[in-house]
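Following my numbering, the numbering of the sequence shown begins with -12 at its first residue and continues without gaps.
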Amino acid sequence: MKRIKMLAGNWKMNKLNRDLAGFFGTFFEAVGWHQDESLSDRVDVLFAVPPTLLAHAVPLAEPSGVRIAAQNIHWETAGAFTGEVSVPMIKEVGVSATLIGHSERRQYFAETDVTVAKKTKASLVHEVLPIVCVGETLEQREAGLTQDVVARQVKAALADIQDPKDLILAYEPVWAIGTGRSASAAQAQEVHAEIRGLLLALFGHSIGSGIRILYGGSATPNNIGELLSQKDIDGALVGGASLKPEDFAKMVRAAL
Ligand code: PEP
-12 MKRIKMLAGN WKMNKLNRDL AGFFGTFFEA VGWHQDESLS DRVDVLFAVP PTLLAHAVPL
48 AEPSGVRIAA QNIHWETAGA FTGEVSVPMI KEVGVSATLI GHSERRQYFA ETDVTVAKKT
108 KASLVHEVLP IVCVGETLEQ REAGLTQDVV ARQVKAALAD IQDPKDLILA YEPVWAIGTG
168 RSASAAQAQE VHAEIRGLLL ALFGHSIGSG IRILYGGSAT PNNIGELLSQ KDIDGALVGG
228 ASLKPEDFAK MVRAAL
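Okay, structure coming up:
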């Protein structure tokens, strides 16, 4: 099955509303997005932005076929969960995707395999595209546990999912995130191939072969070409380089 490449930016806790118009203007111009209507059919682009920017970014991006994603959600629809935001709430303002289980949330905000599974389910129930992040720490890699850790995280996240209509996985080795030390294309491909095997075993060929697996961890305009040339790398989740519209535009162009 053909999997369209996806370039997903993760802005983390960066940018203000006043930055949005300038950012998207420069980004669309640098990609040539509005000069070629076929681009939005050939590459998927998404930005995961802070909660204060969601409602403002949607009208600047979604009409051009660029998705806006939340960086986190709660699994319940509503209730006494001070400080949390539900899937219907983000959906109401036009958000169409969410990041789930980013390693910074696992590391600093007590995200676990159990909460990741609940959030993945909630996102699918409300038809908001989940991007589920998995990946090993440096200690785990050095102890030879990469495949075990990643397999455990993928299985746990998808434990309660029978027929994922639209779902994306992101393999993000923790040691590569924000460090300037990307996994090599071969290292990433090796883990992506394992994840692909797992997806085929869990969901069968027709669904398992269609789920996209993104790589994340210090992806830049310099290394994106080699990463994307790997058989099982279907795109990238990009932190630092997605804050610079010209750099991220180069990465989108590399996917075309
Ligand atoms: C990320 O935040 O998901 C990420 C991959 O960050 P960076 O590209 O900066 O390593």
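We put the beta carbon where it would ideally sit given N, CA and C, even for glycine.
Residue pairing for Y158: DSSP places it in a beta bridge opposite V121, Y202. Residue pairing for T85: DSSP places it in a beta bridge opposite A57, P117. Within 10 angstroms of the beta-carbon of L186 lie 16 or more other beta-carbons, which makes it buried. 7 Å or more divides the Cβ of L214 from the Cβ of A180. DSSP, reduced to helix, strand and coil, places G197 outside both helices and strands of the structure shown, so it counts as coil. With fewer than 16 neighbouring CB atoms inside 10 Å of its own CB, A97 falls in the exposed class. When secondary structure is reduced to three states using DSSP, L33 falls in the strand class. Here DSSP, grouped into helix, strand and coil, assigns L243 to coil.
A residue is called buried when at least 16 other Cβ atoms come within 10 angstroms of its Cβ; G131 does not meet this threshold and is exposed. Cβ-Cβ distances below 6 Å link V161 to S90, G122, T124 in the same chain, with the five nearest sequence neighbours on each side left out; the list follows chain order. The beta carbon of N4 sits closer than 8 Å to those of T39, L40, H43, all from its chain and outside the five residues before and after it, given in chain order. Cβ neighbours of I148 within its own chain (closer than 7 Å, five residues either side excluded): T107, K108, L111. Remark: the C-beta of S205 is in contact range of the ligand PEP, defined as less than 6 Å to any heavy atom. At least one heavy atom of the ligand PEP sits closer than 6 Å to the Cβ of G226. Between L7 and the set V45, E129, K142, E114, the nearest pair of CA atoms involves V45. Taking a 10 Å sphere around the C-beta of V101, we find fewer than 16 other C-beta atoms and assign the residue as exposed.
V225 is bridged by DSSP to G(-4).
When secondary structure is reduced to three states using DSSP, S73 falls in the strand class.
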